[in-house]
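Engineer:
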Amino acid sequence: MKIRKFLRKIIAILLFRIDWKKLVFIGAILTVFRIMFQISTLPYPLTEWILFPPSDISSSRNLNDEKNLRELPASQDIRFNLSQHAPLVVSLNATARLSETQQVLERREQVSRQRKSRKHVNAVDKVIFSSSPVRNMSNHMLRYIASLTPDEALAYAKQEIENAPLVTDDQDLYTPLFRNVSVFKRSYELMELILKVYIYKEGKRPIFHQPYLRGIYSSEGWFMKLMEDSRQFVTRDPQKAHLFYLPYSARQLQKARYVVNSHDLKPLSVFLRNYVNMLASKYPFWNRTRGSDHFLVACHDWGPYTLKDHEELSRNTIKALCNADISEGIFVSGKDVSLPETTIRNPRRPLRNLGGKRVSQRPILAFFAGNMHGPVRPKLLKYWRDKDESIRIYGPLPHRVSKVMSYPEHMKSSKYCLCPMGYEVNSPRIVEAIYYECVPVIIADNFALPFSEVLNWTAFSVVVSEKDIPRLKEILLSIPLRRYQVMQNNVKMLQKHFIWNSKPTRYDLFHMILHSIWVSRLNQLQVSQIS
């Protein structure tokens, strides 16, 4: 009874003696003060958290940050090279701002997750979120990156790659193959997240938009097909593009424009010059960077020589070339891309005959068969044909020999497969050797090896100078058996990066080529000095 009387008195006081209007007013004032106090403790204005900060906000970073971004370690094993071929300049303040905003958004997302799960904070929660794979990025960060301009997104990616988290064990990547697997993985993930390519629609078939998928020049065709089919990387809005693709086939250009036995490439180079001039007059994108954010993919031997009539096309454009000869002044290491030359005999079955034999089933020390093109192959025949049973060197494989053992079986039965240059430095035998799990021996002094910015070629191949052909057997026998076994296993693990798939898979040949082009684009970035 006493409790009931007490409650009645309380209710009477609340209903009749308290001024509710004054109480609500006081409560509202206290709420406003509390909100203002919380806002004042934020590291940036509240509107910036909602709308993302403008590009002209200054950063508190010092001059040492500029030095860290500008200077890369001397060893290429640690970081991608910073090329000096590019005109693009990105503000250091903008780059620092991206990093600071990223960290704040990541911390806010982390706290939100902790509250939802109602778990106590532990040591794992204190790890910076950006060290996780890109695919695990917060929604805030994904929206933020999507809001960046193409140049800002590239600056963000460049800084992220420079600070790549350490990768010690990745089931998709075999560490011994790479110069720095941590840098490659971060760069590749950012490419998947950020990169957009605009493909010009101009150009008539068969030279444009008609991929040639068969033969030794098929790499350019397969790349064109898969690039044009890509929903992930292709954008229809050129304002969102980081790269612009010139979708022509050097092989189809040769078939359509070259006059047989004329020895005159002028009609081909004039055709390309006129095409680029047309694009430059129709769109603002070429003139904006003088072609430095454009790229082409050409596997025909004449690919480099058909660019000479347009200075900007030859000098500024990112060129993915099979004929990656660094001695001629057209292919530029660090800017251009060495395109692997692949021989595809059946486009419906590009992986035919893939695989090889165990080390114990490879009795042949070294093997080569092919036409006597160029100066190196005749020299190889001169010193080694019929000179040693363990080194089998032929011109075109004789019919009497191929009846007993086919060309693929020779490669599968050999420890080392010789890949000498022909008329040009490139050779499809390098990729063939990888397909047949045979350690490639590359004999081409001025050849830029494919994907050399990320792959460690010493782990799975042997490079022999042209002058050392007489010492070939001595060089190969000097490699210990254990070392050879490691190299041969590495070749097996390397296969996935040199395979064409009708539907591209992560880290396959299409993605490796595109990644090299992506790296070249990133290498164009320079950091402006702080005044």
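Following the working numbering, the numbering of the sequence shown begins with 1071 at its first residue and continues without gaps.
No residue lacks a Cβ here, since even glycine has one placed at the ideal position from N, Cα and C.
(1) Please list the terminal residues of the continuous alpha helix (DSSP H) segment that includes V1524.
(2) When we look at the beta-carbon of Q1594 and count the other beta-carbons within 10 Å, is it buried (16 or more) or exposed?
(3) What do you get for L1247, buried or exposed, if any count of 16 or more other CB atoms within 10 angstroms of its CB means buried?
(4) Can you have a look at P1550 and say buried or exposed, based on whether 16 or more other CB atoms are within 10 angstroms of its CB?
(5) Check whether the stretch 1214-1234 and the stretch 1250-1265 are in contact - that is, three or more C-beta pairs closer than 8 Å.
(6) Restricting to Cα atoms, I'd like to know which of N1516, V1501 and H1312 is closest to I1396.
(7) Return helix, strand or coil for H1364, following the three-state DSSP convention.
(8) In whole angstroms, what is the alpha-carbon distance linking S1586 and F1521?
(9) Are the Cβ atoms of S1217 and P1276 separated by less than 9 Å?
(10) Considering only the alpha carbon of each residue, which of V1329, Y1328 and L1342 lies closest to P1317?
(11) Tell me whether S1257 sits in a helix, a strand or coil according to DSSP, three-state version.
(12) Could you say which of L1467, G1399 and D1221 lies nearest to Q1309 if we only look at CA atoms?
(13) Looking at C-alpha atoms only, which residue of V1509, L1243 and S1384 is the closest neighbour of C1487?
(14) Which runs of the alpha helix (DSSP H), 4 residues or longer, sit entirely within the stretch 1549-1583?
(15) My understanding is that N1386 touches S1362, with C-beta atoms under 8 Å, so please give their C-beta distance in whole angstroms.
(16) If you compare alpha carbons, which of L1366, R1447 and V1402 is closest to L1313?
(17) With DSSP run on the structure shown, which of helix, strand or coil describes P1337?
(18) Taking 8 Å as the threshold, find out whether the stretch 1417-1430 comes into contact with the stretch 1499-1509 through three or more Cβ pairs.
(19) Which same chain residues end up closer than 7 Å to F1568 when comparing Cβ atoms and leaving out the 5 residues on each side of it in sequence?
(20) Would you mind reading off the limits of the alpha helix (DSSP H) that contains F1401?
(21) Return the bridge partner residues of A1390 from the DSSP annotation.
(22) Might you give, ordered along the chain, the residues of its own chain that have their beta carbon closer than 7 Å to the beta carbon of P1660, omitting 5 neighbours on each side?
(23) Could you tell me which of Q1431, I1414 and A1390 sits nearest to S1408, measuring between CA atoms?
(24) Comparing C-alpha positions only, which one of K1457, M1491, V1429 and L1519 sits nearest to M1481?
(25) Confirm, please, whether the CB-CB distance from R1415 to R1284 is below 9 Å.
(26) Measure the C-alpha to C-alpha separation of Y1244 and R1419 and round it to an integer number of angstroms.
(27) Can you tell which of D1371, S1572, V1471 and I1269 has its C-alpha closest to the C-alpha of G1444?
(28) Could you work out which residue in L1546, T1575, L1263 and M1294 is closest to L1435 when comparing CA atoms only?
(29) Identify whether K1452 lies in helix, strand or coil by the three-state DSSP scheme.
(30) Since R1358 is in the alpha helix (DSSP H), which residue starts that stretch and which ends it?
(31) Quick check on Q1322: does DSSP put it in helix, strand or coil?
(32) Would C1489 and I1512 qualify as a contact pair, given that the criterion is a beta-carbon distance under 9 Å?
(33) For chain B, check one thing: does any of its Cβ atoms lie closer than 9 Å to the Cβ of T1101?
(34) Is the beta carbon of T1376 less than 9 Å from the beta carbon of L1338?
(35) Looking only at its chain, what residues have a beta carbon closer than 8 Å to the beta carbon of K1039, apart from the 5 residues adjacent to it on each side?
(36) Name the one or two DSSP bridge partners that I1539 has.
Structural biologist: So, from the data block:
(1) Start at 1 with the first residue of the sequence shown, and residue 1524 comes out as number 454. Boundaries for V1524: no alpha helix (DSSP H) harbours it, and the DSSP string shows neither H nor E there.
(2) Translated into the one-based positions of the sequence shown, residue 1594 becomes position 524. Per the 10 Å Cβ criterion, buried.
(3) Start at 1 with the first residue of the sequence shown, and residue 1247 comes out as number 177. The residue in question, L1247, is buried, as its Cβ has 16 or more Cβ neighbours within 10 Å.
(4) Numbered from its first residue, the sequence shown carries residue 1550 at position 480. Flag for P1550 reads exposed.
(5) Touching, yes.
(6) As a first step, residue 1396 is located in the sequence shown; it is residue number 326 there, counting from the start. For I1396, the nearest C-alpha among the options comes from N1516.
(7) Counted from its first residue, the sequence shown places residue 1364 at position 294. Secondary structure at H1364: strand, using DSSP grouped into helix, strand and coil.
(8) Reading the sequence shown from its first residue, position 516 is the one you call residue 1586. Reading the sequence shown from its first residue, position 451 is the one you call residue 1521. Taking the CA atoms as reference points, S1586 sits about 6 Å from F1521.
(9) Locating residue 1217 in the sequence shown gives position 147, counting from the first residue. Locating residue 1276 in the sequence shown gives position 206, counting from the first residue. Going by C-beta atoms, S1217 is not nearer than 9 Å to P1276.
(10) Position 247 of the sequence shown, counting from 1, holds the residue named residue 1317. Ranked by Cα distance from P1317, the options V1329, Y1328 and L1342 are led by L1342.
(11) Position 187 of the sequence shown, counted from the first residue, corresponds to residue 1257. DSSP places S1257 in helix when its eight states are reduced to three.
(12) For the purposes of this step, residue 1309 is taken as the residue at position 239 of the sequence shown. Closest by alpha carbon: D1221.
(13) As a position in the sequence shown, residue 1487 is number 417, starting the count at 1. Among V1509, L1243 and S1384, the Cα nearest to that of C1487 belongs to V1509.
(14) The qualifying runs are 1551-1564.
(15) Locating residue 1386 in the sequence shown gives position 316, counting from the first residue. Locating residue 1362 in the sequence shown gives position 292, counting from the first residue. Contact between N1386 and S1362 holds, with the beta-carbon distance rounding to 5 Å and staying under 8 Å.
(16) If you number the sequence shown from 1, residue 1313 lands on position 243. Of the candidates L1366, R1447 and V1402, the residue whose Cα lies closest to the Cα of L1313 is L1366.
(17) Counting from 1 along the sequence shown, the entry for residue 1337 is found at position 267. For P1337, the secondary structure class from DSSP, reduced to helix, strand or coil, is helix.
(18) Output reads yes: the stretch 1499-1509 touches the stretch 1417-1430.
(19) In the sequence shown, residue 1568 corresponds to position 498, counting from 1. Here the set comprises P1410, V1501, I1504 and L1579.
(20) The sequence position of residue 1401 within the sequence shown is 331, counting from 1. Here F1401 belongs to no alpha helix (DSSP H), and DSSP marks it neither H nor E.
(21) In the sequence shown, residue 1390 corresponds to position 320, counting from 1. Bridge partners of A1390: V1367 and V1407.
(22) Residue numbering for the chain in the displayed model covers 1071 to 1601; residue 1660 lies beyond these limits and cannot be assessed.
(23) Counted from its first residue, the sequence shown places residue 1408 at position 338. The residue from Q1431, I1414 and A1390 with its alpha-carbon nearest to that of S1408 is A1390.
(24) Numbered from its first residue, the sequence shown carries residue 1481 at position 411. Taking the Cα of M1481 as reference, the smallest distance to any Cα among K1457, M1491, V1429 and L1519 is reached at V1429.
(25) As a working note, residue 1284 is residue 214 in the sequence shown. As a working note, residue 1415 is residue 345 in the sequence shown. Contact flag set, yes.
(26) On the sequence shown, position 174 is the one that residue 1244 refers to. On the sequence shown, position 349 is the one that residue 1419 refers to. Cα to Cα, the separation comes out at about 26 Å.
(27) By one-based count along the sequence shown, residue 1444 stands at place 374. Residue D1371 is the option with its Cα nearest to G1444.
(28) The residue given as residue 1435 occupies position 365 in the sequence shown. The candidate whose alpha carbon is nearest that of L1435 is L1546.
(29) The residue labelled residue 1452 in the question sits at position 382 within the sequence shown. In this structure, DSSP gives K1452 a helical state, which the three-state scheme calls helix.
(30) Indexing the sequence shown from 1 puts residue 1358 at position 288. Residues F1355 to T1359.
(31) In the sequence shown, counting from the first residue as 1, residue 1322 sits at position 252. Q1322: helix per DSSP, three-state reduction.
(32) Walking along the sequence shown from the start, residue 1489 turns up at place 419. Walking along the sequence shown from the start, residue 1512 turns up at place 442. Less than 9 Å separates the beta-carbon of C1489 from that of I1512.
(33) Judged by its chain identifiers, the structure shown contains no chain B, having just a single protein chain.
(34) One-based indexing of the sequence shown puts residue 1376 at position 306. One-based indexing of the sequence shown puts residue 1338 at position 268. Their beta carbons are under 9 Å apart, which means T1376 touches L1338 by this criterion.
(35) With the chain covering 1071 to 1601 only, the question about residue 1039 has no answer from this structure.
(36) Position 469 of the sequence shown, counting from 1, holds the residue named residue 1539. BP columns for I1539 are empty, so no partner.
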